[in-house]
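Novice: The structure under discussion is supplied below as structure tokens; questions concerning it will follow.
Residue numbers (full-length UniProt numbering): 1 to 171.
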């Protein structure tokens with residue numbers, strides 16, 4: 001939903017009147033890590049001009065919301081390219097401290113926008129793809145079927161051994 005809205009906005013003809021906004025949207029649509037420091041240096045002047053339009057405190061909130069959105073975008077991009085990454089490397093990619101990177105990552109996991117596990121002692125983050133409930137049930141049913149086949153084969157082998165020993169005792 002969000003990416004389709006971004007793409008639809010990017011294709012809007014009126015966007016040519018706001019080239020900086022178009023550039024920002026292009027960066028958000030591409031699956032590349034956006035360096036916050038360089039992005040903010042580029043757009044800071046534009047934000048300062050619009051601060052009065054957004055109304056003082058709302059202007060500061062808008063810049064903080066943009067920063068949060070860029071961090072979320074970067075975490076999603078990193079999760080696409082890495083299966084496992086150290087927290088230190090993740091923090092470096094996000095231009096954040098270790099604590100901030102872990103906080104933003106755990107917030108995204110708690111909001112279910114990302115599936116990941118953080119191994120704090122090792123300092124490693126493991127990203128996984130989400131699996132729908134049907135896929136989970138199908139894999140569980142397949143595993144259960146394999147287990148029951150093994151139990152049946154084991155019972156058959158035990159029964160066969162018992163019959164062999166009974167015949168050997170009768171002779």
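Each residue gets a CB set at the ideal place from its N, CA and C atoms; glycine is no exception. Predicted, not measured: the structure shown is a model, and the values here were computed from it.
Less than 8 Å between the CB atoms is what I'm expecting for residue 115 and residue 93, so what's the real figure, rounded?
Specialist: What you label residue 115 is simply residue 115 of the chain shown in a count that begins at 1. What you label residue 93 is simply residue 93 of the chain shown in a count that begins at 1. At roughly 19 Å, the Cβ-Cβ gap does not stay under 8 Å, so residue 115 and residue 93 are not in contact.
Novice: Exposed or buried, which one is residue 1 when buried takes at least 16 other CB atoms within 10 Å?
Specialist: Taking the first residue of the chain shown as position 1, residue 1 is located at position 1. Because the pLDDT of residue 1 is 45, which lies under 50, any placement of that residue in the model is unreliable, and the number read from its coordinates should be weighed accordingly. That one is exposed.
Novice: May I ask you to check if the CB of residue 20 is nearer than 8 Å to at least one heavy atom of the ligand ADP?
Specialist: Of the ligands one can find in the structure shown there are none, so the ligand ADP has no counterpart to examine.
Novice: Please state whether DSSP places residue 1 in a helix, a strand or coil.
Specialist: For the purposes of this step, residue 1 is identified with residue 1 of the chain shown, where counting begins at 1. Here the model assigns residue 1 a pLDDT of 45, short of 50, so the residue's position is not dependable and the matter cannot be decided.
Novice: So which of 127, 128 and 142 has the shortest CA-CA distance to residue 134?
Specialist: What you label residue 134 is simply residue 134 of the chain shown in a count that begins at 1. The option with the nearest alpha carbon to residue 134 is 142.
Novice: Which runs of the alpha helix (DSSP H), 4 residues or longer, sit entirely within the UniProt domain "PCI" (1-132)?
Specialist: The qualifying runs are 2-10, 19-29, 36-54, 57-81, 87-94 and 98-110.
Novice: Is the separation between the beta-carbon of residue 87 and that of residue 33 shorter than 9 Å?
Specialist: Translated into the one-based positions of the chain shown, residue 87 becomes position 87. Translated into the one-based positions of the chain shown, residue 33 becomes position 33. Contact: no.
Novice: Taking the beta carbon of residue 95 as the centre, do at least 16 other beta carbons fall within 10 Å, making it buried, or is it exposed?
Specialist: The sequence position of residue 95 within the chain shown is 95, counting from 1. Classification of residue 95: buried, given that the 10 Å Cβ count is 16 or more.
Novice: What number of angstroms, rounded off, separates the C-alpha of residue 43 from the C-alpha of residue 21?
Specialist: Taking the first residue of the chain shown as position 1, residue 43 is located at position 43. Taking the first residue of the chain shown as position 1, residue 21 is located at position 21. Whole-angstrom Cα-Cα distance: 9 Å.
Novice: Rounded to whole angstroms, what is the Cα-Cα separation between residue 137 and residue 84?
Specialist: Translated into positions along the chain shown, residue 137 becomes position 137. Translated into positions along the chain shown, residue 84 becomes position 84. Cα-Cα distance, rounded: 26 Å.
Novice: On a Cα-Cα basis, can you pick out the residue from 150, 72 and 122 that is closest to residue 28?
Specialist: In the chain shown, counting from the first residue as 1, residue 28 sits at position 28. Checked all of 150, 72 and 122; the closest Cα to residue 28 is 72.
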